[in-house]
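A.B. asks: My questions will all concern the structure given below.
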Amino acid sequence: MATPQARGVIYIHSAPRALCPHLEWAVGRALGRGVSFDWADQPVLSGSRRAEFYWESTAGTGAALATAIRGWEHLRFEVTEDPTPRSDGGRWLHTPGLGIHYAQTDSAGNVVIGEDRLRYAMEVAAGDAFELHRELQIALGAAWDEELEPFRHASDDAPVVWLHKVG
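Numbering follows the numbering used here, in which position 85 of the sequence shown is assigned residue number 85; successive positions increment by one, without gaps.
Here it is as structure tokens:
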């Protein structure tokens with residue numbers, strides 16, 4: 001049985017200029033081909049650059065891409081992988097202060113929280129609504145979203161819009 005084809009996006013929200021060619025090399029190595037990003041200044045963080053890169057490869061490549069670029073300091077990024085008929089989607093978020101967060105996603109891009117994670121949150125909360133709220137925020141990656149949001153808005157003027165057929 002052939003491995004399903006997947007696609008996704010790498011959002012480099014902020015990277016020091018000196019790191020940019022190294023990120024292209026790491027992504028290219030994970031994809032098995034050379035890549036070139038269209039870098040732009042990141043207005044939220046002076047001296048840093050941002051880029052978006054759309055990829056297509058085998059299912060599971062999102063994890064390989066996130067692993068390939070996660071070790072550098074001062075790097076903020078997201079990697080997404082759309083679900084396929086035979087594989088879940090995923091979203092990897094990284095910030096210098098928080099490290100990496102992974103979440104499974106559905107066909108609409110919603111974060112999916114598994115049954116075991118929900119049971120754990122309920123167990124830790126032990127009936128305390130505020131603690132349950134805190135645990136669910138962790139499961140959803142709320143701290144990562146909060147830190148990355150200003151960097152995402154900085155890309156609102158980005159000229160690239162990628163549409164594809166769903167289903």
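Just so it is clear, CB atoms sit at the ideal spot from N, CA and C, and this is done for glycine as well.
Rounded to whole angstroms, what's the CA-CA distance from W162 to E81? Just pull it up for me.
C.D. replies: No answer about W162 holds up, because its pLDDT of 41 lies below 50 and its placement is not dependable.
A.B. asks: Span of the alpha helix (DSSP H) holding G62?
C.D. replies: Note, G62: alpha helix (DSSP H), T61 to I69.
A.B. asks: Express the C-alpha separation of V111 and G89 in angstroms, rounding to a whole number.
C.D. replies: Straight-line Cα distance between these residues: approximately 9 Å.
A.B. asks: Taking one C-beta from the segment 137-152 and one from the segment 99-107 each time, how about it: are there three or more such pairs within less than 8 Å?
C.D. replies: The segment 137-152 vs the segment 99-107: in contact.
A.B. asks: With a 10 Å radius around its C-beta and 16 neighbouring C-beta atoms as the bar for buried, classify P21 as buried or exposed.
C.D. replies: Exposed, by the Cβ-count rule.
A.B. asks: How many angstroms separate the CA atom of E115 from the CA atom of A121?
C.D. replies: The alpha-carbon atoms of E115 and A121 are separated by roughly 10 Å.
A.B. asks: Would you kindly work out how many angstroms separate the C-alpha atoms of G127 and S14, rounded to a whole number?
C.D. replies: Approximately 40 Å, taken between the alpha carbons.
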